[in-house]
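Under numbering that gives the first Met the number 0, the first residue of the sequence shown carries the number 0, and numbering increases by one thereafter. Glycine is no exception: its CB is placed at the ideal position from the N, C-alpha and C atoms. Working notes, beginning with the structure itself.
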Amino acid sequence: MSKSKPTKYSSLSLRDIVCLCAEPCDHEAWEEFVSRFGKPIRFTVMRTISLWSAPSPSLAEDLMQATYLKLWEGGRELLRQFAIQRPEAIVGYLKRTAANVVHDYFKHSRSQSSGGGRAHVSTTDEDVETRKEAFGSQERVALDVFLKEVDELLRGSLTGVDQERDRTIFWLYFRQGMSTQEIASLPTIGLSAKGVGSVIERLKNAIRNQILHVQTNSELDTEIGAKVNSFGKSY
Numbered sequence: 000m001s002k003s004k005p006t007k008y009s010s011l012s013l014r015d016i017v018c019l020c021a022e023p024c025d026h027e028a029w030e031e032f033v034s035r036f037g038k039p040i041r042f043t044v045m046r047t048i049s050l051w052s053a054p055s056p057s058l059a060e061d062l063m064q065a066t067y068l069k070l071w072e073g074g075r076e077l078l079r080q081f082a083i084q085r086p087e088a089i090v091g092y093l094k095r096t097a098a099n100v101v102h103d104y105f106k107h108s109r110s111q112s113s114g115g116g117r118a119h120v121s122t123t124d125e126d127v128e129t130r131k132e133a134f135g136s137q138e139r140v141a142l143d144v145f146l147k148e149v150d151e152l153l154r155g156s157l158t159g160v161d162q163e164r165d166r167t168i169f170w171l172y173f174r175q176g177m178s179t180q181e182i183a184s185l186p187t188i189g190l191s192a193k194g195v196g197s198v199i200e201r202l203k204n205a206i207r208n209q210i211l212h213v214q215t216n217s218e219l220d221t222e223i224g225a226k227v228n229s230f231g232k233s234y
């Protein structure tokens with residue numbers, strides 16, 4: 000009995016647990032992940048909710064589940080990279096993700112309400128539809144399409160032995176909201192903050208050059224600035 004899976008999983012290191020979570024369908028690893036990180040994620044969700052409205056345990060539970068869903072569907076590989084490269088940064092990354100989920104929810108909720116500020120009411124019957132409306136909006140779908148298009152252009156702009164590193168830098172900056180200093184501190188990056196900034200500018204210019212026949216520089220700056228900087232950093 001002492002060698003059951005839950006016992007074995009609870010004895011694993013942080014890095015090992017997160018790496019297991021990056022694999023498909025390892026539900027026991029995710030249970031262990033939630034047991035270790037549920038408290039800081041809940042605290043961040045509640046604290047961020049309080050910036051927008053009165054605390055609501057039911058809403059906090061909804062948004063915690065949305066955070067886990069986001070990590071499961073789109074962030075497992077990045078989480079694994081953090082675990083391998085900089086395990087001490089994982090909690091900060093999780094808190095940032097949870098806060099962004101809450102901000103996204105309230106931004107969408109208020110944009111859909113002409114009166115604004117109406118308190119969220121969560122019931123069992125409404126939970127599924129609430130999540131669909133909050134996190135599956137046409138705006139989010141359009142943003143996902145835009146980001147995929149940018150990523151295709153980005154991949155076409157990458158050359159040399161450091162192309163995977165440079166792609167990681169680009170998306171850590173635009174999608175995860177990390178500063179050039181934070182990115183430079185990752186051990187596998189091997190660049191100063193100034194070097195990271197140079198990579199970002201070079202890739203932005205390369206993407207711009209690929210679509211100059213469609214858009215002017217100013218038009219592209221507006222689109223990438225508005226969608227990737229504003230939406231992407233809170234995404």
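query                                                                                                                                             : result
CA-CA distance, Y8 and I206?                                                                                                                      : 44 Å
What are the boundary residues of the alpha helix (DSSP H) that includes A238?                                                                    : The structure shown does not extend to residue 238, since the chain is modelled only from 0 through 234, so no value can be given for it.
Under 7 Å Cβ to Cβ from C79, same chain only, skipping five residues before and after it: list those, please.                                     : One point to set straight first is that residue 79 is Arg, not Cys, in the sequence displayed. Closer than 7 Å at Cβ, skipping near neighbours: V17, C18, A21.
Taking 7 Å as the limit between beta carbons, can you name the residues of its chain near K69, skipping five residues before and five after?      : T96, V100
Would you identify the three-state DSSP class for T179, choosing helix, strand or coil?                                                           : helix
Can at least three beta-carbon pairs, one atom from the segment 80-92 and one from the segment 52-70, be found at a separation below 8 Å?         : no
Is V149 helix, strand or coil when you go by DSSP?                                                                                                : helix
Buried or exposed for V149, please, with buried defined as at least 16 other CB atoms from any protein chain shown within 10 angstroms of its CB. : buried
Which one of R174, S197, K203, S184 has the shortest CA to CA distance from L77?                                                                  : R174
Can you tell me which of S52, I188, Q162, R154 puts its alpha carbon nearest to the alpha carbon of Q209?                                         : R154
Following the continuous alpha helix (DSSP H) through I188, name the residue where it begins and the one where it ends.                           : Here I188 belongs to no alpha helix (DSSP H), and DSSP marks it neither H nor E.
Mind checking which residues open and close the alpha helix (DSSP H) that includes G159?                                                          : Careful: G159 lies outside any alpha helix (DSSP H) and carries neither H nor E.
By alpha-carbon positions, which one of D15, G189, F105 ends up nearest to A53?                                                                   : F105
Could you tell me the alpha carbon to alpha carbon distance between D103 and L62, rounded to whole angstroms?                                     : 10 Å
Check each candidate in E31, T167, H26 and name the one with the smallest Cα separation from L13.                                                 : E31
Which residue comes first and which comes last in the alpha helix (DSSP H) that contains L50?                                                     : 26-51
Less than 7 Å between C-beta atoms, sequence neighbours within five positions excluded: which residues of the same chain meet that for P186?      : Q84, R85
Out of S191, K203, E151, D15, state which residue places its alpha-carbon closest to the alpha-carbon of R35.                                     : D15
Specify the secondary structure class of L11 as computed by DSSP and reduced to three states.                                                     : coil
Given that a residue counts as buried once 16 or more other Cβ atoms are within 10 Å of its Cβ, and exposed if not, what is K38?                  : exposed
If I measure Cβ to Cβ from S191 and keep anything under 8 Å in the same chain, skipping five residues before and after, which residues do I get?  : A183
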